[in-house]
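Shown next, in structure tokens, is the structure this report addresses.
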Amino acid sequence: MYARLPSAASLPEGRGAPPRPLPFLGSDRSALLVTVLFLFSLLSIPKFNMAEVLAFGAFPLFLMSAAQADVKMIVKRLLLISPFVLFMAAGNLLLDRNPVLLISGLRISGGMISGTVIVAKTIISVAALLSVTQSIPFYRICRALEALHLPDVLVTQLLLLDRYRSVLQEEAQSMQKARDIRSFGRKGKGLFRTAPLIGSLLLRTITRAERIYRSMSARGFQGRLVNRPAEKISRSDWRTIGLWALLFLALRLIF
Amino acid sequence: MIAIEGLCFSWQDGTKAIDHISLAVGEGESVGIVGANGAGKSTLVNHLNGYFLPQKGSISIGGVALNKKNLDRIHRMVGLLFQNPDDQLFTARLYDDVAFGPENLGMNRADIARVVEDALRELNLWELRNRAPSQLSQGQKRFASFAAVLVMKPEVMVMDEPTADLDPKNRRKLINLVNGLDITRITVSHDLDFIQDTCQRVCIMKQGRITADGPTEEILGNRELLEANDLELPLRLQR
Amino acid sequence: MHMADALLSPVVGGGFWVVSGALIGYSAKKISEERDNSKTALMGVLGAFVFAAQMINFTLPGTGSSGHLGGGLLLAVLLGPYRAFITLASVLIIQCLFFADGGLLALGCNVFNLAFFPSFIAFPFLYRVIAGNAPTPGKLAVGSLTAATAALLMGALSVVLETLFSGITELPFGTFLLFMLPVHLAIGVVEGLVTWGVLAFVARTEPGLLVPAKAAVHPRFTFALFAILALFVGGVGSWFASSQPDGLEWSIAKVSGSKEFSPAGGAVHEALEAFQQKVAFLPDYGFKSAPEFLANPESPVDAGSSLSGIVGSLSVLAAAGTVGLLLGRKQKGEKQR
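Quick mapping for you: the protein sequence lines, in order, are chains R, H and Z.
Note that the working numbering has the first sequence beginning at 1, numbered continuously upward.
Note that the working numbering has the second sequence beginning at 1, numbered continuously upward.
Note that the working numbering has the third sequence beginning at 1, numbered continuously upward.
Given below as structure tokens:
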């Protein structure tokens with residue numbers, strides 16, 4: 001019925017290499033649940049217990065090396081650590097100056113420890129989360145969320161948002177560029193000059209939405225983007241989650 | 001196959017977009033619709049898949065009258081290829097996008113898997129089935145949106161500016177693909193050379209009316225006619 | 001303003017997950033009941049719009065620093081409370097999962113702080129009331145400014161309370177609030193101005209698009225909301241009367257000239273501490289350390305085991321990294337065969 005075309009591999013290569021599988025975390029759903037358990041355990045560590053926090057760093061370290069995650073990207077994200085977190089850590093540093101440790105003449109205050117623990121917990125939680133989410137394609141994360149009973153409306157919303165995020169960001173970049181090449185110094189980039197630009201982007205967005213809706217209804221859209229039922233949680237999923245829970249508990253108890 | 005009688009359509013502010021159009025297209029025919037910007041071409045083809053309903057006059061496709069009640073049947077019969085593939089591919093994964101239509105048609109899972117694989121393999125997109133549409137190149141997206149529409153086995157294929165954004169090589173591939181289709185085709189395009197290569201018949205639209213309708217070679221070879229309708233000869237005929 | 005996981009206790013994080021989850025479920029239900037698929041695509045692209053619009057920077061009048069649109073109030077005006085809430089929640093989820101902007105366990109808090117206030121409080125009870133259905137330019141400005149500022153301030157207060165409830169920070173309530181509120185007031189004013197600018201532009205060019213979205217929130221929901229907020233504020237008041245004498249004592253001293261505060265809070269504090277100890281994995285040493293060195297048995301930091309603990313954790317880290325690398329190599333090898 002169709003003319004023979006050369007292989008898709010000969011067409012200009014699209015972006016994105018296939019993600020690596022995550023070892024020992026089971027299905028996508030159990031991977032997400034294990035991550036949540038990990039974070040709960042990490043957050044329950046008392047605020048002066050640096051050793052235990054460090055030990056929990058094992059989990060993201062293991063994930064990053066075994067899944068060969070994009071470490072550069074994760075480190076870049078870590079360097080952009082929220083100023084709010086740093087502010088809170090600094091707050092503890094300044095407010096709790098009661099010395100509690102003496103290490104070769106150096107006085108370590110409670111605030112230093114709790115401040116460092118805050119930063120360490122942030123680094124470890126971010127590294128763990130990103131290692132997992134970078135290793136599972138987004139459509140599978142959404143399937144897993146659906147299987148975890150997230151409402152259909154929200155799952156559809158996530159899929160559409162992710163789909164059009166890059167499209168709209170390109171449009172915004174191009175519009176901003178068009179503004180910038182006709183701006184000089186600070187003239188042209190003020191709030192009241194830029195609001196109409198954002199307004200134009202908004203109008204284009206709304207028109208695009210109409211076209212997309214047309215496309216969806218032309219193919220019979222009834223409210224869900226994917227109509228296949230999600231898989232039920234399996235025994236091996238429960239086993240995987242249980243084992244990791246025991247491991248986290250053990251780490252908490254040992255340290 | 002398609003019968004349009006006395007069709008009229010105006011925008012909310014009163015501007016006439018379609019002004020008494022009558023057009024008959026036989027089964028298996030391929031018709032090109034050309035005209036200057038604002039002539040009403042896109043408005044006309046958006047009637048064919050039921051996005052707009054006739055304000056005056058009537059449209060029937062495959063004997064089915066176009067009205068609110070029959071929209072589902074019309075959607076099954078008419079495939080519309082959007083000008084911008086980004087408007088057409090709206091899921092997170094190419095496979096899911098192609099499966100979307102068959103799923104909504106109520107096909108069973110085995111059949112869906114089969115038709116989706118067939119469509120993707122025919123268009124040499126099977127290896128890309130797990131990619132997100134945003135990870136595809138423009139050419140790949142164009143063929144992907146074709147797959148997404150053709151998988152529903154429509155009886156009529158409507159294409160709105162199918163070669164916009166395509167490089168010459170991909171454009172040639174698209175011409176081959178379209179010529180290999182054995183269904184009724186309506187193509188709206190500014191690319192007169194593409195129309196010449198893929199359509200047997202051409203209609204010229206101007207200000208909401210059809211001003212000329214005839215065999216492609218006759219219409220697209222007539223400089224005076226084209227210029228009177230704010231068009232030019234196809235590039236290959238301009239030497 | 002995104003909360004990070006490290007600043008929250010599991011109880012607070014989990015608690016807000018439940019609250020935000022309930023709000024999401026409720027909103028999803030209300031949306032499904034409308035049976036209007038035409039808004040689905042609009043919600044999706046407007047969520048994408050928020051990301052895109054946040055990339056467009058502008059300079060602030062008079063300061064030279066740059067800002068960008070947040071988008072909460074704007075979405076509420078365009079979509080109505082339920083759809084705006086879901087859209088904003090989806091933006092926060094993507095920010096969390098892809099960019100670690102806000103922690104996963106903090107997601108409940110972030111959805112509450114950044115999506116709930118603009119959608120369910122600022123929009124229906126401030127913007128709608130001031131601007132109405134077909135606002136004049138003046139009412140549009142006042143409505144946008146008031147609602148945006150209020151939403152930001154409520155969000156800031158919420159952040160302060162969540163952090164303090166978690167017991168991780170040493171900042172006293174008063175100081176923390178004194179820092180957060182002015183900053184978020186400024187952010188709120190900017191947000192209000194940009195929102196006004198964008199809405200005014202749309203009103204000029206495509207007035208039909210600003211068709212009033214359903215602003216009505218179900219009356220039972222509103223009642224439940226205010227009841228919960230009232231209990232929350234009351235509970236917080238009594239909690240802080242006992243455990244944070246600095247901020248409140250200071251405020252009381254300023255207002256009444258007296259330094260006294262209600263002693264009744266002491267029992268509440270003890271009860272909450274006991275509850276927290278039961279719920280936490282292991283007893284949490286939340287109080288400040290004693291001002292002595294190494295040998296102090298009351299110090300929450302046990303120096304002796306701390307050092308050996310650190311050595312132990314470093315060993316665990318090394319082991320995990322090595323195992324991971326070996327596994328990764330093995331998988332790569334298998335793939336190449």
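For glycine and all other residues, C-beta sits at the position ideal for the given N, C-alpha and C.
None of these values were measured; they are calculated from a predicted model.
Whose C-beta lies closer than 6 angstroms to the C-beta of S144 (chain Z) among residues of the same chain, with five residues either side of it excluded? G192, T195, W196
Looking at the C-beta of S189 (chain H), does it have a partner C-beta in chain R at a distance below 9 angstroms? no
Using 9 angstroms as the threshold, is the C-beta distance between I61 (chain H) and A3 (chain H) below it? yes
C-beta neighbour in chain H for I118 (chain R), strict 9 angstroms: no
Cβ shell of A4 (chain Z) (< 8 angstroms), same chain only, five flanking positions each side left out: G102, G103, A106
Considering only the alpha carbon of each residue, which of H:N70, H:C203, H:Y95, H:M152 lies closest to V45 (chain H)? H:C203
What is the residue span of the beta strand (DSSP E) that P99 (chain R) lies within? 99–103
Near-chain R residues of the region 157–172 of chain H - C-beta to any C-beta below 8 angstroms: N170
Distance between beta carbons of L86 (chain R) and G111 (chain R), contact taken as under 8 angstroms: With a Cβ gap of about 14 angstroms, G111 (chain R) and L86 (chain R) do not count as contacting.
Comparing the C-beta of V198 (chain Z) with each C-beta of chain R, is any distance below 9 angstroms? yes
Going by other Cβ atoms of all chains shown within 10 Å of its Cβ, with 16 needed for buried, is S158 (chain Z) buried or exposed? buried
Which residues in the same chain have their Cβ closer than 6 angstroms to the Cβ of R59 (chain R), if we skip the five residues on either side of it in sequence? In the sequence as presented, Arg is not what sits at residue 59 (chain R); that position holds Phe. Same-chain partners within the cutoff: F38, A128.
Excluding five sequence neighbours on each side, which residues of the same chain lie with their C-beta closer than 6 angstroms to the C-beta of P89 (chain R)? It is worth fixing the name first, because residue 89 (chain R) is Ala in this sequence and not Pro. Same-chain partners within the cutoff: G115, I118, V119.
Quick check on the DSSP output: what are the complete beta strand (DSSP E) runs of length 3 or more inside the region 65–150 of chain H, in order along the chain? 78–81
Just to make sure I have the definition right: I need the residues of chain Z whose C-beta is within less than 7 angstroms of the C-beta of D162 (chain R). Which are they? I94
Kindly identify the DSSP beta-bridge partner or partners of P172 (chain Z). Bridge partners of P172 (chain Z): none, in fact.
Taking the DSSP output, what are the residues bridged to R212 (chain H)? At residue 212 (chain H) the sequence reads Ala, which differs from the Arg that was named. Note: A212 (chain H) sits in a beta bridge opposite H:I204.
Just to confirm, are L191 (chain R) and G188 (chain Z) a CB contact at a threshold of 9 angstroms? no
List the DSSP bridge partners of M159 (chain H). H:L81, H:T187
Can you check which of these residues, H:R131, H:G221, H:G40, is closest to K16 (chain H) by C-alpha distance? H:G40
Can the beta-carbon of G26 (chain R) be found closer than 9 angstroms to that of V34 (chain R)? yes
Quick one: what's L7 (chain H) bridged to in DSSP? H:I21
Does the beta-carbon of G110 (chain Z) have 16 or more other beta-carbons within 10 angstroms, so that it is buried, or is it exposed? Contrary to the premise, residue 110 (chain Z) reads as Asn rather than Gly in this sequence. Buried.
What residue from R:G91, R:D162, R:F62 has the CA that sits closest to F98 (chain Z)'s CA? R:D162
Identify the contact partners of L159 (chain R) in chain H, using a Cβ-Cβ distance below 7 angstroms as the criterion. T91, A92
List the DSSP bridge partners of T87 (chain Z). Answer is none; T87 (chain Z) lacks a bridge partner.
Between N92 (chain R) and chain Z, is the shortest Cβ-Cβ distance under 9 angstroms, so that the two count as touching? yes
Measuring only the C-alpha atoms, how far is L94 (chain H) from L177 (chain Z)? 49 angstroms
Residue nearest to Q138 (chain H) in terms of C-alpha spacing, selected from H:D86, H:L48, H:L225: H:D86
So L80 (chain H) contacts chain R; which residues on that side make the cut at Cβ distance below 9 angstroms? R214, S215, A218
Under a CB-based cut-off of 9 angstroms, is V258 (chain R) close to chain H? As shown, chain R starts at 1 and ends at 255. That puts residue 258 (chain R) outside it, with no answer to give.
Using 9 angstroms as the threshold, is the C-beta distance between I168 (chain Z) and L8 (chain Z) below it? yes
Give the secondary structure of V31 (chain H) by DSSP, where H, G and I count as helix, E and B as strand, and everything else as coil. strand
Spatially closest choice to V311 (chain Z) from R:A67, R:M73, R:A55, by CA coordinates: R:A55
Do you know whose CA, among Z:V160, Z:L78, Z:G14, lies nearest L181 (chain Z)'s CA? Z:V160
State the start and end residues of the unbroken alpha helix (DSSP H) segment that holds L246 (chain R). 235–254
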